[in-house]
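Trainee: Residues in the sequence shown are numbered consecutively from 66, following this note's numbering.
From the three backbone atoms N, C-alpha and C, an ideal C-beta is built for every residue, glycine too.
Bear in mind that the values here come from a model prediction, so they are computed numbers and not experimental data.
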Amino acid sequence: MEFEGTVYKIMPMTKGTSARGEWQRQDVVFDYNDGGQFSRKLCVTFFNRPDDAAKLREGGVYNVSVNIESREYNGRWYTDIRAWRLQPKQNDAPAAAAAPTSDMPPIAEEPAYASVPETEADDLPF
66 MEFEGTVYKI MPMTKGTSAR GEWQRQDVVF DYNDGGQFSR KLCVTFFNRP
116 DDAAKLREGG VYNVSVNIES REYNGRWYTD IRAWRLQPKQ NDAPAAAAAP
166 TSDMPPIAEE PAYASVPETE ADDLPF
């Protein structure tokens with residue numbers, strides 16, 4: 066799932082050690098409007114992603130890709146919303162949008178196929 070949200074509050078980072086090793090967790094509350102009349106708050110966890118969480122600024126607008134998963138423990142259900150990609154909104158941070166992110170290849174100014182000479186005939190069927 067992907068949504069566009071404004072950072073409402075950045076919670077303190079929690080660190081710990083488990084049988085699998087060191088871990089870091091930071092919860093961030095986003096305010097987003099899903100097209101309805103009211104905006105909603107959504108708490109998203111950045112688990113072992115300290116670089117992504119460090120980019121966030123309260124009041125900033127971001128596109129956030131998340132995985133939503135529920136699990137059962139002692140007869141109760143718990144839901145996790147974990148971020149796996151974070152991108153600043155184009156209009157909010159033009160300098161950050163110009164720099165390519167690690168999960169996205171750089172985009173050329175004009176693709177090679179976009180400049181077709183006018184003398185070539187279009188031989189594609191209707």
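Does the Cβ of Gly70 have 16 or more other Cβ atoms within 10 Å, making it buried, or fewer, making it exposed?
Mentor: By 1-based counting over the sequence shown, the position of residue 70 is 5. With 16 or more Cβ atoms within 10 Å of its Cβ, Gly70 is classed as buried.
Trainee: Please classify Ala118 as buried or exposed, where buried requires at least 16 neighbouring CB atoms within 10 angstroms.
Mentor: Translated into positions along the sequence shown, residue 118 becomes position 53. Buried is the call here.
Trainee: In terms of residues, what are the limits of the beta strand (DSSP E) holding Lys80?
Mentor: Residue mapping note: residue 80 aligns to position 15 of the sequence shown, counting from 1. Note, Lys80: beta strand (DSSP E), 79–83.
Trainee: Inspect the beta-carbon positions of Ser130 and Trp149 and report whether they are closer than 8 Å.
Mentor: In the sequence shown, the residue the question calls residue 130 occupies position 65. In the sequence shown, the residue the question calls residue 149 occupies position 84. Cβ distance < 8 Å, so Ser130 and Trp149 count as in contact.
Trainee: Residue ranges of each beta strand (DSSP E) run of no fewer than 3 residues wholly in the region 69–146, ordered along the chain?
Mentor: 79–83, 86–97, 105–112, 126–138, all fully within the region 69–146.
Trainee: If you run the structure through DSSP and keep just helix, strand and coil, what is Leu155?
Mentor: Against the sequence shown, residue 155 aligns to sequence position 90. Note that residue 155 is Gln in the sequence shown, not Leu. Coil.
Trainee: Would you check if the distance between the CB atom of Tyr73 and the CB atom of Asp92 is smaller than 8 Å?
Mentor: Translated into positions along the sequence shown, residue 73 becomes position 8. Translated into positions along the sequence shown, residue 92 becomes position 27. For Tyr73 and Asp92, no; Cβs fall outside 8 Å.
Trainee: Ignore the nearest five residues each way along the sequence and tell me which others in Thr82's own chain have a CB closer than 8 Å to its CB.
Mentor: For this step, residue 82 is matched to residue 17 along the sequence shown. Excluding residues within five positions, the ones whose Cβ falls inside 8 Å are Trp88.
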